[in-house]
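Trainee: Mapping of the sequence shown onto mature numbering (1 follows the signal peptide of the UniProt record, and there is no 0): residues -25 to -1, 1 to 558, in sequence order.
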Amino acid sequence: MSRLGNRNVALIAFAVLSAFVPCCIGVAVCDDTSQSLDAEPLASSPVKMLSSSTSETRQPSMIIGVPIAPPASLPAEKLPQYRIELPRHNEADESFADGQIQFAITHPDLLTQIGRPLRVKAKVQVDGKPFSEVRSAYATSAQTAEQPPLMEQLSDLVEAVASASESVADEIEAASEEGKEENGNDEDADEDDDADDTEDEDATPPISPATLDPYRMTTAPDETMRRFAEAIGEDLTDIESNWLLSHWTIGPPLLVVHPYFQSFRSDQRPAFDILDRDRDGTVSQPEMLQSVESFNKCDANRDEVVDAMELANAADNLKDPAHIPLSNGPLLWLPDDLIGVQETDPLLYELVRSLDEDQDGTVSESEVNEWSVQPADIEVSINFSTASPESARVDVVRVGKEVSANIVPTTNANGIDVAFEAVTIRLCGVQESPSPEFAKAMSGQVSLGAIVDGYPLLPNLDPNDDGRFTIRELRKLEQLLRTFDRDGDQSITRSEAASPIRVCIGLGPTAHRELANVRDTSQPETSPSVTAPEWFQRMDRNLDNDLSRREFPGTDEQFRSLDADGDELIDASEAQTFEQSAE
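(1) By the three-class DSSP mapping on this structure, what secondary structure does D248 have?
(2) Enumerate in chain order the residues of its own chain whose CB-to-CB distance from A275 is below 6 Å, with the five nearest sequence positions on each side excluded.
(3) Assess, as a yes-or-no matter, whether the region 245 to 252 is touched by the region 426 to 434 under the definition of 3 or more beta carbon pairs within less than 8 Å.
(4) Cβ of E198 versus every heavy atom of the ligand MN: is any distance shorter than 8 Å?
(5) State the start and end residues of the unbroken alpha helix (DSSP H) segment that holds K53.
(6) Jot down the residue ranges of each uninterrupted alpha helix (DSSP H) in the region 250 to 334, minimum 4 residues, whole runs only, in chain order.
(7) Count the other C-beta atoms from every protein chain shown that fall within 10 angstroms of the C-beta of Y57, then say buried if there are 16 or more, exposed otherwise.
(8) Exposed or buried, which one is Y113 when buried takes at least 16 other CB atoms within 10 Å?
(9) What does the Cβ neighbour count give for S418, buried or exposed, with the cut at 16 atoms within 10 Å?
(10) Applying the criterion that 16 or more other CB atoms from any shown protein chain within 10 Å of the CB defines a buried residue, is N520 buried or exposed?
(11) With H, G and I counted as helix, E and B as strand and the rest as coil, what does DSSP make of N344?
(12) Go ahead and label M192 buried or exposed: buried means 16 or more other beta carbons lie within 10 angstroms of its beta carbon, across all protein chains shown.
(13) Starting from D392, trace the beta strand (DSSP E) both ways and give me its first and last residue.
(14) Return the residue from the list T445, L537, G541, D542 that minimises the CA-CA distance to Q555.
(15) Flag this pair as yes or no: are the beta carbons of G226 and P484 separated by less than 9 Å?
(16) Since P227 is in the beta strand (DSSP E), which residue starts that stretch and which ends it?
(17) At the level of alpha carbons, what is the spacing between Q349 and L93?
(18) Are the Cβ atoms of S27 and E489 separated by less than 9 Å?
(19) At the level of alpha carbons, what is the spacing between T199 and V405?
(20) With contact counted as at least three CB pairs below 8 Å, one residue from each stretch, are the region 72 to 92 and the region 324 to 333 in contact?
(21) Between which residues of its own chain and S269 is the CB-CB distance below 6 Å, once the five residues before and five after are set aside?
(22) For V383, is the classification buried or exposed, using 16 other Cβ atoms within 10 angstroms of its Cβ as the cut-off for buried?
(23) Taking only beta-carbon positions, decide if P105 is within less than 9 Å of chain C.
(24) Among all the DSSP beta bridges, which residues are the ones paired with R59?
(25) Can you tell which of L85, P21, A287, E60 has its C-alpha closest to the C-alpha of E377?
(26) CB-CB under 6 Å to D428, same chain, minus the five flanking residues each way: which ones, in chain order?
(27) In three-state DSSP terms, what is F534?
(28) How is V355 classed by DSSP in three states: helix, strand or coil?
(29) The alpha helix (DSSP H) that contains N217, what's its start and end?
(30) Going by other Cβ atoms of all chains shown within 10 Å of its Cβ, with 16 needed for buried, is E549 buried or exposed?
(31) Within the region 371 to 457, note down every full beta strand (DSSP E) run reaching 3 residues or more, in order along the chain.
(32) Have a look at L264 and K451 and give me their C-alpha separation to the nearest angstrom.
(33) From this set, A287, R240, L293, P234, which residue's C-alpha is nearest D253's C-alpha?
(34) In chain order, what residues of the same chain lie with their CB nearer than 6 Å to the CB of A388, ignoring the 5 residues before and after it?
(35) So what does D546 bridge to, in DSSP terms?
(36) Could you check whether H487 and L306 sit closer than 9 Å to each other, using their CB atoms as the reference points?
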């Protein structure tokens, strides 16, 4: 078969199998007119480092006889959290010029404020180069890598097997001729049968059959390209290399988190529901004064600590079982996602109605292109680093004049808050150190996602982010609640306690891992750590590092003598001081 024939057969085989992979991801449309992405940042935050995901690797089954599923090979199987789809345009085109990605945010509160989808543009670099350039360089290096002569080895093996077969056939034919000559004396032949058999066995050495190592499926990009190149008998083209990377190994250069990620906990607000006793959608002044009492009623096990699960269970019991939260539709859109939205789908059309300038009921490609070339409302620059991850940064370099927003950097690499009138967008970058097998390939891949976070009050009310409210922490509850009262009317409305929209851009398939967790608002501990005496630790049944009167088995007088500051709690330092004075 000719080389052209080999190539066609291989392409057809790969194309048939790829029919099982979903299709239609949008290609981010970017204009080259904006120079502000290289400007000095308005705010900056470090990129968050995630721990390695090796713990998620499938472990061998401990049950004998239970088959273990083979490892996922296709991107759609390995990355079910993302849209693994075909782009609208040819993959050989410059889809992400200069590493720029453009997308829209269509939260209802934002639409009310600015009257159209919010335009966000991000310039993503890896080790100082646009991620698209890193991706292209990897595809080129992988296809030009030295290829082991696999086909030559197979040809040599086939020849060796054929030669061995011919040798065996010749020996069999010679033995047959010799037997015919000896048939003249049947009696002598019968007597010497056993001897002849023994001599034949000694004269003809056994031939070991040619063996080949069992076939092993590979998920490594380099090996997949090597096997394809050997199958077609020539080097891969750029189109073929990018196609194999996108559809058979690590996935497309831009991974977009599935829409179902965007709102799976957006209606979760247990703390607000517990505090809102009269169910009028507002935490009033009297309800704030009764906040500790409201929380303590959720203490199901009566251990004087209210945990997040107890709050969630109590809030669920207050909900109307017939009430089903309504979906607000997609939150994050690539430009190609906007093309073709029609008024026959009102849930989607209402979010992008402003783009349909001719009001013909369909958002056309020209209308989306017109929207895309306008200056972005938020411009972000993200610089990932594989050599020194601690230097990786995410910067907000511009906020458009058409929108009114304040920029507030967060702490502990949690990102940057862009606060609008009714909603806050938190922008963050994440990365991890992938396995050496995929390190180079994933350095040119970016993941993108957004989520309405839910839990508007709970993370901010829990100072140490441990999901537990102790007696000492509940004493600060009312004070923390008042920080949400932005208009100073002594009450907290639902809009004042709105959950932020978290937008995450990750190096490799990491964005979904960050968005799956509730936002981090932990504050560094300022109090020094104290090792409590053994008797204190035994009495501290709820492990809150304090002894309440209920936990202390002694008399009231003994309790007061230990409670040096008179706050009705014995802490570890007070117990240690008493221990030292007793010695």
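Note that CB positions come from ideal geometry on N, CA and C, so glycine has one too. Just so we're clear, the structure is a prediction, and the values are computed from it rather than from any experiment.
Mentor: Taking the geometry as given:
(1) helix
(2) E285
(3) yes
(4) Absent from the structure shown: the ligand MN. Ligands present: none.
(5) 50 to 53
(6) 260 to 264, 266 to 271, 283 to 293, 310 to 313, 321 to 327
(7) buried
(8) buried
(9) buried
(10) buried
(11) helix
(12) exposed
(13) 391 to 394
(14) L537
(15) yes
(16) Note, P227: premise wrong, no beta strand (DSSP E); not H, not E.
(17) 11 Å
(18) no
(19) 28 Å
(20) yes
(21) I249, L250
(22) exposed
(23) No chain C is present in this structure, which holds just one protein chain.
(24) Note on identity: in this sequence residue 59 is Ile, with Arg being the wrong assignment. According to DSSP, I59 bridges with nothing at all.
(25) L85
(26) S474, P475, R477, R494
(27) helix
(28) strand
(29) 213 to 219
(30) buried
(31) 381 to 384, 391 to 394, 399 to 406, 421 to 427
(32) 11 Å
(33) L293
(34) P21, K23
(35) D521
(36) no
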